[in-house]
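A short write-up of the structure that comes next.
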Amino acid sequence: MSVNRPAAVVVLAAGEGTRMKSKTPKVLHEISGRSLVGHVVAASRELDPEHLVVVVGHRSEQVTAHLTADDRLRTAHQAEQKGTGHAVRIGLDELGGAVEGTVIVVCGDTPLLSGETLRALAATHTADANAVTVLTAEVPDSTGYGRIVRDPADGAVTAIVEHKDATDAQRAIREINSGVFAFDGRLLADALGKVRTDNSQGEEYLTDVLSILREAGHRVGASVAVDHREILGINNRVQLAEARRLLNQRLLEQAMMAGVTVVDPASTVIDATVTYERDALVHPGTQLLGTTHLGEDAEVGPNTRLTDTVVRAGARVDNTVADRAEIGEGATVGPYAYLRPGTRLGTKAKAGTYVEMKNATIGEGTKVPHLSYVGDATIGDHTNIGAASVFVNYDGVAKHHTTIGSHCRTGSDNMFVAPVTVGDGAYTAAGSVITKDVPPGSLAVARGQQRNIEGWVARKRPGSGAAQAAQAATSERNSES
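So, in structure tokens, the structure goes:
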């Protein structure tokens, strides 16, 4: 086990977040594919802590339900929000009280905080044998933040002074408190029992633990974050948007450093859960969301939104919306296609212009080139579906399945009324409504006989532009004959 592995991480996520002006708890607002608290939990997981507990409070049922997907995580309920010190005490109680080893305390509204920074905090805490280590940052403007006051002799933290209480000299300090700490677990539990509530808010402040431990002769140190923006907390929608921009920029830079070409980062959105392989190419106006994966040499965009979609190597996706779809190796999609959940395109298959698919499996080399809807269907290999085809899958009560075999050629403007099967190698005529199974190798023709009624326009639409054009054409034809 790593010497820097913490015994526990406690995430503080009980606050109401009134400045968000939202019915959604602040920590559940999402950026880059995760909730705010989800980003913090993911960063905390990079430390591989023995225990991870999230302290919930405001709308605790909603927050707890959001977190239940992680079965390695525990929640502790802070029924009354009585301060950060009280919240940490509630979290430790969930773990049985005092914890032997390092306890990291993080805020649930700091989505830019990285696992790398938390690892550096834990390493500094262990190396310096501190009772407490504060994560700090040097900011361009420290107005409104608690200043870090250090001992000039050994660099130990002697105080955290709030802006309103700071002297002019202290206000000139640019190193600030992030609200993230590493504690000796035993000393933390003991000091929390000594925190008082004789302050203007009547709350237990976690920062009081620092002075309690320092007065007891223990060392309080600091670990400085490399990027001060990591400690930014989210309190309103403006800050939420800024954090989204910064995190998106970071994620795109990671993708580009891993070998992905992003033509225009300013117009490209990527979630933290997206994965990719080298030489993928992303054009402007593209959103890569959820668990989307781009294979090697895949080309996506412009103006494309992919959600939980797999794009295999060498596939091309242009001006497309796809949700929970799988696009095979070398396949082409778009422009202006819509792949709905359950769509699976085989190797070198095609879903072309103005094609919509849902719950459909398309075989290798099969093409649906344009202006068609394919729903609840299985199509074999190397088949061509004619333009303006509709798979009529819904009878008003239930959905039904259509199966079209391999090496079929279906005509334009076909309706396949499910349930129906077209056998391998079969053809269907243009304009057909296919309601019965078509045997392999057959030609299906399902349309009425054409009947021309001479002179209908002249009789029914006399004087119209159509009647005049018809009269002129008839006169010309008669003169030529």
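Here numbering that gives the first Met the number 0 is used: the first residue of the sequence shown is 0, the next is one more, and so on. Positions of the beta carbon are idealized from the N, C-alpha and C atoms, including for glycine.
Per DSSP, the bridge partner or partners of residue i
i: G374; result: K357
i: S520; result: There is simply no residue 520 to check, as the chain begins at 0 and stops at 480 in what is shown.
i: V12; result: In the sequence as presented, Val is not what sits at residue 12; that position holds Ala. Looking at the DSSP assignment, A12 forms a beta bridge with V55.
i: A136; result: I175
i: T274; result: H292
i: D183; result: T101
i: T420; result: T402
i: V29; result: Rather than Val, the amino acid found at residue 29 in this sequence is Glu. E29 is bridged to S34.
i: V437; result: V421
i: T260; result: L280
i: I159; result: I147
i: A7; result: H50 and V102
Buried versus exposed call for residue i [16 or more other C-beta atoms within 10 Å across all chains shown]
i: E453; result: exposed
i: T401; result: buried
i: R18; result: exposed
i: I30; result: buried
i: Q286; result: buried
i: P110; result: buried
i: E161; result: exposed
i: A75; result: buried
i: Q77; result: buried
i: K349; result: buried
i: T206; result: buried
i: T473; result: exposed
i: V156; result: buried
i: T166; result: exposed
i: G216; result: exposed
i: P24; result: buried
i: S463; result: exposed
i: D140; result: exposed
i: A443; result: buried
i: G184; result: buried
i: A297; result: buried
i: S388; result: buried
i: S431; result: buried
i: E15; result: exposed
i: A224; result: buried
i: N451; result: exposed
i: P371; result: The amino acid at residue 371 is misidentified as Pro; the sequence shows Ser. S371 is buried by the Cβ-count criterion.
Residue j beta carbon less than 8 Å from that of residue i
i: A240; j: L91; result: no
i: I233; j: A221; result: no
i: V496; j: V87; result: One cannot answer for residue 496 here, as it falls past the ends of the chain, which runs 0 to 480.
i: F182; j: L134; result: no
i: V310; j: V281; result: no
i: G404; j: V421; result: yes
i: L112; j: I269; result: no
i: G374; j: A359; result: yes
i: R213; j: I175; result: no
i: L66; j: V52; result: no
i: A7; j: V55; result: no
i: A279; j: R33; result: no
i: R68; j: G114; result: For the sequence presented, residue 68 should be read as Ala rather than Arg. Going by C-beta atoms, A68 is not nearer than 8 Å to G114.
i: T306; j: V316; result: no
i: G424; j: G440; result: yes
i: H57; j: E203; result: no
i: L245; j: R228; result: yes
i: A254; j: V262; result: no
i: T291; j: V273; result: yes
i: A130; j: L186; result: yes
i: H406; j: T382; result: yes
i: T308; j: P283; result: no
i: V148; j: Q169; result: yes
i: V26; j: D153; result: no
i: A330; j: T346; result: yes
i: G289; j: R277; result: no
i: G37; j: C106; result: no
i: A314; j: E328; result: yes
Residue-level contact to chain C via CB, residue i, 8 Å cutoff
i: L112; result: Absent from the structure is chain C; it holds one protein chain and no more.
Any non-hydrogen atom of the ligand ADP closer than 7 Å to residue i Cβ
i: G201; result: This structure lacks the ligand ADP; in fact it carries no ligand of any kind.
Write down every uninterrupted run of the beta strand (DSSP E) in the region 213-247 whose length is 3 residues or greater and which is fully enclosed by it, in chain order.
219-223
List, from N- to C-terminal side, the alpha helix (DSSP H) runs of 4 residues or more that fit wholly inside the region 276-352.
none
With three or more beta-carbon pairs closer than 8 Å as the criterion, would you say the region 389-404 touches the region 345-354?
no
Okay, do the region 3-10 and the region 114-130 touch, 3+ Cβ pairs below 8 Å being the bar?
yes
Length at least 4, wholly inside the region 32-95: the alpha helix (DSSP H) runs in chain order
35-44, 59-66 and 83-93
I'd like the ranges of any beta strand (DSSP E) spanning at least 3 consecutive residues and lying wholly in the region 367-417.
389-391, 401-403 and 414-416
Length-filtered (4 minimum) alpha helix (DSSP H) runs lying within the region 97-146:
114-126
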